[in-house]
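S.K.:
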Amino acid sequence: MIAGKSVLLIIGGGIAAYKAHELVRLLKTRGIRVLIIMTQAAEQFVTPLSLASLSGEKVHTALFNLTDEVEMGHIQLSRAADLVVVAPATADLMAKMANGLANDLATTALLATDKPVLIAPAMNVRMWRHPATVTNAQALKNRGIAFVGPDEGEMACGEFGPGRMSEPVEILNKIISMLQPQALPLSGKKVVVTAGPTREPIDPVRFISNYSSGKQGYAIARAAAKLGADTVLVSGPVALAPPAGIRVIGVESAREMLTACEAELPADIAIFTAAVADWRVAEQETDKIKKSNGSSLQLSLVENPDILATITSHQLRPEVVVGFAAETQNIHVHALEKLNKKRCDFIVANDVSRGTGVFGGDMNAVHFISRSGIESWPAMSKDEVGLMLMERLAGHLIPEGRPSS
Ligand code: C5P
73 MIAGKSVLLI
83 IGGGIAAYKA
93 HELVRLLKTR
103 GIRVLIIMTQ
113 AAEQFVTPLS
123 LASLSGEKVH
133 TALFNLTDEV
143 EMGHIQLSRA
153 ADLVVVAPAT
163 ADLMAKMANG
173 LANDLATTAL
183 LATDKPVLIA
193 PAMNVRMWRH
203 PATVTNAQAL
213 KNRGIAFVGP
223 DEGEMACGEF
233 GPGRMSEPVE
243 ILNKIISMLQ
253 PQALPLSGKK
263 VVVTAGPTRE
273 PIDPVRFISN
283 YSSGKQGYAI
293 ARAAAKLGAD
303 TVLVSGPVAL
313 APPAGIRVIG
323 VESAREMLTA
333 CEAELPADIA
343 IFTAAVADWR
353 VAEQETDKIK
363 KSNGSSLQLS
373 LVENPDILAT
383 ITSHQLRPEV
393 VVGFAAETQN
403 IHVHALEKLN
413 KKRCDFIVAN
423 DVSRGTGVFG
433 GDMNAVHFIS
443 RSGIESWPAM
453 SKDEVGLMLM
463 ERLAGHLIPE
473 GRPSS
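Residues 73 to 477 (this note's numbering) make up the sequence shown, in order.
(1) Considering only residues of the same chain and omitting the five flanking positions on each side of T303, which have a CB-CB separation below 6 angstroms?
(2) To the nearest angstrom, report how far apart E324 and I274 are at their CA atoms.
(3) Name all residues in chain order for which at least one heavy atom of the ligand C5P lies closer than 5 angstroms to the residue's CB.
(4) Enumerate in chain order the residues of its own chain whose CB-to-CB distance from D417 is below 6 angstroms, with the five nearest sequence positions on each side excluded.
(5) Check the C-beta distance from L80 over to I109 and give it rounded, since I have them as a contact under 8 angstroms.
(6) Report back the beta-carbon spacing between K246 and V220 to the nearest angstrom; my notes put them in contact at under 8 angstroms.
(7) For Y290, does the count of other Cβ atoms within 10 angstroms reach 16, so buried, or fall short, so exposed?
(8) Looking at the unbroken beta strand (DSSP E) that takes in T162, where does it start and where does it end?
(9) In angstroms, rounded to a whole number, what distance separates the CA positions of R97 and L190?
(10) What is the DSSP secondary structure of E355, reduced to helix, strand or coil?
(11) What does the Cβ neighbour count give for E456, buried or exposed, with the cut at 16 atoms within 10 Å?
(12) What is the DSSP secondary structure of R319, counted as helix, strand or coil?
(13) Can you give, in chain order, each stretch of the alpha helix (DSSP H) that sits fully within the segment 281-339 and has at least 4 residues?
(14) Write down the C-beta distance between F232 and E239 rounded to the nearest angstrom, noting that I regard them as a contact closer than 8 angstroms.
(15) Where DSSP assigns a beta bridge to A397, which residues make up the other side?
(16) Per DSSP, what kind of secondary structure is M195 in: helix, strand or coil?
(17) What do you reckon, are the CB atoms on S127 and V106 nearer than 8 angstroms?
(18) Give a yes or no on contact between the segment 350-360 and the segment 305-316, applying the rule of three or more CB pairs nearer than 8 angstroms.
(19) Report yes if the C-beta distance between A167 and N208 is below 8 angstroms; otherwise report no.
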């Protein structure tokens, strides 16, 4: 049971402190008690009063406060909760933690606690990448401190890169997973995601492919794993690092991708993000095709199997199947057609026209389409799209599995 557990939330002084409100609210909705310590710098961004109203508890700010010490001493406070969470964890707080400084209530509690600690770093990208912070982060990890984020994206300072504090819902999920490892929305569920392009060989040195970077599919797989799913990523050739904790099956051609997907059934959710090449060369040459005096080359192409359509008509069809539709015009109409033709439950449609920056970019603006309607989601990072999508899909799973028909 998650309800009845308690968290000591230490709020550092960064612009991301405003997200602490939402985090406290989310924790409270799960029945988790939230004790709060704010650093002096945090009080520049959020007020103890607003946090006290949300948490329903006194917010602690000063180390030397006689009334507080009488009610609950700082050592007692550091041990009163099941988990200590630092969000946002600024570069300064991380440095103090790494070096064992204890010159205010937050750092004293962190040094005195005997409970697991989770930190959600938030800082400018250069500060995050500074060798001092890198060393401090490593020291904290070596000491068993858990991290959530930082995420990559646009930052309050206008720069782009890793350093954004994870979204409150992500921090909540991490907290839940630490308080009760079995309680995540996709615990015990298997999710298969396809990502990236496929390569269709012409001869031993040439192929047909497309511009898909795989970023959206990888983000979806990371989100699925974060929500507790046993996640398999069937990936075409991409320039992305394999995500931690996810089984990645590398494939090249559409036919290999199909075989790999079928081998992963049964699964609970399948998401087909891959930009599968529609055609392949009918006869792949075994030797390199030579050019000869300006003459043209005719390639005969045949259609590739439709992986998504094959899986939706498979006898082991996953409970929830999602297709992607990369369109350049009449997005809604084409996506709805695709939903019906391919018999999937949802289509995530996006506009990949020139200038949208979706292909290869870090942002995406998608339309979430089901038979009951179309939702246009605001532009957000591909990681955020992944998380929002996986949260939605988790809500569509029938708790006890598929009813027998
Ligand atoms: O290419 P198309 O627009 O038809 O792709 C729509 C969806 O179908 C995508 O989710 C894509 O991953 C999937 N697809 C597939 N196998 C194909 C073609 C598309 O799984 N051969």
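Note that beta-carbon positions come from the ideal geometry of N, C-alpha and C, so glycine has one too. Small disclaimer: the values here were computed from a predicted structure and weren't measured.
M.R.: The answer reads as follows:
(1) Excluding residues within five positions, the ones whose Cβ falls inside 6 angstroms are V263, A293, A296, A297 and I318.
(2) 13 angstroms
(3) F344, A346, V348, N376, D378, I379, L380, G395 and F396
(4) V392 and V393
(5) 7 angstroms
(6) 4 angstroms
(7) buried
(8) Where T162 is concerned, there is no enclosing beta strand (DSSP E), given that its DSSP letter is neither H nor E.
(9) 18 angstroms
(10) coil
(11) buried
(12) Strand.
(13) 287-298 and 326-335
(14) In fact, because the Cβ distance is near 17 angstroms, the residues do not count as touching under 8 angstroms.
(15) When DSSP reads this structure, A397 sits in a beta bridge with A421.
(16) coil
(17) yes
(18) no
(19) yes
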